[in-house]
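S.K.: Numbering (the working numbering), first residue to last: 31 to 405.
Heads up, the beta-carbon is just placed ideally off N, CA and C, and yes, glycines get one too.
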Amino acid sequence: MLDHTPKEVTERKGGLTNPAKTCQPIGAMYAALGIHKCLPHSHGSQGCCSYHRMHLTRHFRDPIMASTSSFTEGASVFGGGANLKTAIKNVFAIYNPDVMAVHTTCLTETIGDDIPSFLGQSEIPEGKIVIHANTPSYSGSHVTGFSNMVKGMVNYLSEATTEAKKEQVNIIPGFVNPGDMREIKRLVKAMGINFIMFPDTSGVVDSPMTGKFEMYPKGGTTVAQLKDTGNSKLTVALGSFASTDAAIQLERKCKVPAKTLKTPIGVKATDELLMTLRNSFVKEIPYELEEERGQLVDIMTDTHYHFHGKKVAIFGDPDIVIGLTEFVLSLGMIPVHVLTGTPGNAFEKEVKAILLEAGLKSNVKAAGDLFEFHQ
Numbered sequence: 031m032l033d034h035t036p037k038e039v040t041e042r043k044g045g046l047t048n049p050a051k052t053c054q055p056i057g058a059m060y061a062a063l064g065i066h067k068c069l070p071h072s073h074g075s076q077g078c079c080s081y082h083r084m085h086l087t088r089h090f091r092d093p094i095m096a097s098t099s100s101f102t103e104g105a106s107v108f109g110g111g112a113n114l115k116t117a118i119k120n121v122f123a124i125y126n127p128d129v130m131a132v133h134t135t136c137l138t139e140t141i142g143d144d145i146p147s148f149l150g151q152s153e154i155p156e157g158k159i160v161i162h163a164n165t166p167s168y169s170g171s172h173v174t175g176f177s178n179m180v181k182g183m184v185n186y187l188s189e190a191t192t193e194a195k196k197e198q199v200n201i202i203p204g205f206v207n208p209g210d211m212r213e214i215k216r217l218v219k220a221m222g223i224n225f226i227m228f229p230d231t232s233g234v235v236d237s238p239m240t241g242k243f244e245m246y247p248k249g250g251t252t253v254a255q256l257k258d259t260g261n262s263k264l265t266v267a268l269g270s271f272a273s274t275d276a277a278i279q280l281e282r283k284c285k286v287p288a289k290t291l292k293t294p295i296g297v298k299a300t301d302e303l304l305m306t307l308r309n310s311f312v313k314e315i316p317y318e319l320e321e322e323r324g325q326l327v328d329i330m331t332d333t334h335y336h337f338h339g340k341k342v343a344i345f346g347d348p349d350i351v352i353g354l355t356e357f358v359l360s361l362g363m364i365p366v367h368v369l370t371g372t373p374g375n376a377f378e379k380e381v382k383a384i385l386l387e388a389g390l391k392s393n394v395k396a397a398g399d400l401f402e403f404h405q
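#1: Comparing C-alpha positions only, which one of Thr240, Val235 and Lys285 sits nearest to Asp258?
#2: Please indicate yes or no: does the CB of Met305 lie closer than 6 Å to some heavy atom of the ligand PLP?
#3: How is Lys263 classed by DSSP in three states: helix, strand or coil?
#4: Could you tell me if Gln151 is buried or exposed, where buried requires 16 or more neighbouring beta carbons within 10 angstroms of its beta carbon?
#5: Just list the residues that DSSP pairs Lys289 with in beta bridges.
#6: Of the residues Ile201, Leu69, Leu359 and Gln255, which one's Cα is nearest the Cα of Ala288?
#7: Along the beta strand (DSSP E) that carries Cys68, what are the first and last residues, could you check?
#8: Do you know how far the Cα of Glu378 is from the Cα of Thr134?
#9: What are the partner residues of Lys395, as DSSP defines its beta bridges?
#10: So, helix, strand or coil for Phe243, using DSSP?
#11: For the structure I just gave you, are there three or more beta carbon pairs, one from the stretch 311 to 327 and one from the stretch 366 to 383, closer than 8 Å?
#12: Going by DSSP in three states, Ser167 sits in which element: helix, strand or coil?
#13: Distance, Cα to Cα, Asn126 vs Arg83?
#14: For Asn309, which three-state DSSP category applies?
#15: Taking only the alpha-carbon atoms, compute the straight-line gap between Ser167 and Cys53 and give it to the nearest angstrom.
#16: Are Val266 and Gly250 touching if we call contact CB-CB under 7 Å?
#17: Could you please give me the residues that DSSP links to Lys196 through a beta bridge?
#18: Can you have a look at Tyr60 and say buried or exposed, based on whether 16 or more other CB atoms are within 10 angstroms of its CB?
#19: Closer than 7 Å, CB to CB, is Thr331 near chain D or not?
#20: Would a C-beta distance cut-off of 7 Å place Ala276 and Lys341 closer than the cut-off?
#21: Between the Cα of Val121 and those of Ala105, Thr98 and Asn164, spot the shortest distance and give me the residue it belongs to.
#22: Out of curiosity, what's the CA-to-CA distance linking Lys195 and Lys263?
#23: Does DSSP classify Val49 as helix, strand or coil?
#24: Where does Phe90 fall in DSSP's three states?
#25: So, using beta-carbon positions, are Gly74 and Phe101 closer together than 7 Å?
#26: Which residues does DSSP pair with Asn224 in a beta bridge?
#27: Taking buried to mean at least 16 other C-beta atoms within 10 Å of its own C-beta, is Ile226 buried or exposed?
#28: According to DSSP, what are the bridge partners of Phe401?
#29: If I'm right that Leu63 touches Val199 with Cβ under 8 Å, what's the distance once you round it to whole angstroms?
#30: Would a C-beta distance cut-off of 7 Å place Val366 and Val381 closer than the cut-off?
#31: Taking one C-beta from the stretch 204 to 213 and one from the stretch 345 to 359 each time, how about it: are there three or more such pairs within less than 8 Å?
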């Protein structure tokens, strides 16, 4: 294992080797795809957009659509306002989305492009919407970019239009795969509670093969639903890194109470989600979910001797790693190394609290890279 690494673990502040993260715009692009009939727009050079599209396309094995401001040397020096205004005009004329979600890149952040000002000067067709999020590539990670774009959805679209809050819940799923979003929706539906999930990439990046190309698949959260999030009784943010900021912003803007929970991985975290919904909406947990829980506990008990005392190392996105750490502890495993590529002291604090409760002390690091993980 140490053939390609030095035996002494050394702190490297000057760079990363095989990073366990990617940049903010990818997260923003993925979040924007969770809006129905939305075209993500990368305000920067063509290379940025091409890389982000390729990265997501390779992962989901579905073509990911996005547009770009196509910066050249001139825009890099004099600013990209003209490029963005032209892009907005062309995108609505050619691709006709309902929403255009603009995210910035390291270049546009460095030269200081004023996106809200550019949007105010742009020709946006009646009935169409343009939102934006600032996503500098040189800070945070793809999880930060996802969080910033979801917060942008709240800033531009959420409205409180009713005197009394509706008996419905907002679910912010965090940076998870569309299959996870489907499962979370299944749990909430089984509780008989009306909900709005945003963003929702299920049915977008995992759309069915029909033999016909659709620029905008049927999935995603509609604009009407996003506007209605301000009328909900509660917002449940699943994952403190990817979801909390948007939930807090919605609470400030529309007075919708926010509750942050862990990503529902394992018995404990899923119990917390279901009990929060049960207590907030006075709903009984259906037998089918109790049965599934009992089956999982039975499997965990039957296989306990396979997992008990086994050492495990975990790396990945912070919200997922936190959930997995709690889950492996419930299996009796010992997480020796816990690492994420996303910077933030909050990660180390939260993981160490979980480990302390279990009476363990492990190597916890944010932000780390896979070279260090290998060591």
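M.R.: In short, the structure shows the following:
#1: For Asp258, the nearest C-alpha among the options comes from Lys285.
#2: For the ligand PLP, the structure offers nothing, since it holds no ligand at all.
#3: Lys263: strand per DSSP, three-state reduction.
#4: Exposed: under 16 other Cβ atoms inside 10 Å.
#5: In DSSP, Lys289 forms a bridge with Val266.
#6: That would be Ile201, whose Cα lies nearest to the Cα of Ala288.
#7: In the DSSP assignment, Cys68 falls within the beta strand (DSSP E) that extends over Cys68 to His73.
#8: Spanning the two alpha carbons is a distance of roughly 29 Å.
#9: Beta-bridge pairing links Lys395 to Leu369.
#10: Phe243 falls in the coil class under three-state DSSP.
#11: Contact between the stretch 311 to 327 and the stretch 366 to 383 is absent, with fewer than three C-beta pairs closer than 8 Å.
#12: In this structure, Ser167 counts as coil in the three-state DSSP scheme.
#13: Looking at the two C-alpha atoms, the distance is approximately 19 Å.
#14: Look at Asn309 here: in three-state DSSP terms it is helix.
#15: One Cα belongs to Ser167, the other to Cys53, and the distance between them is close to 5 Å.
#16: Not a contact, by the Cβ cut-off of 7 Å.
#17: Listed as beta-bridge partners of Lys196 by DSSP are Ser262.
#18: Tyr60 should be labelled buried.
#19: In the structure shown, chain D cannot be found, because there is only a single protein chain.
#20: No, the pair does not count as a contact, with Cβ atoms beyond the cut-off.
#21: Closest by alpha carbon: Thr98.
#22: A straight-line Cα-Cα distance of about 5 Å links Lys195 and Lys263.
#23: Note on residue identity: the sequence assigns Pro, not Val, to residue 49. Three-state DSSP puts Pro49 in a strand.
#24: Taken through DSSP and simplified to helix, strand or coil, Phe90 comes out as helix.
#25: Result yes, Cβ atoms of Gly74 and Phe101 sit closer than 7 Å.
#26: In DSSP, Asn224 forms a bridge with Gln198.
#27: Buried, because 16 or more other Cβ atoms sit within 10 Å of the Cβ of Ile226.
#28: Per DSSP, none; premise fails for Phe401.
#29: Leu63 to Val199, Cβ: 23 Å. No contact.
#30: Not a contact, by the Cβ cut-off of 7 Å.
#31: Verdict: yes, contact present.
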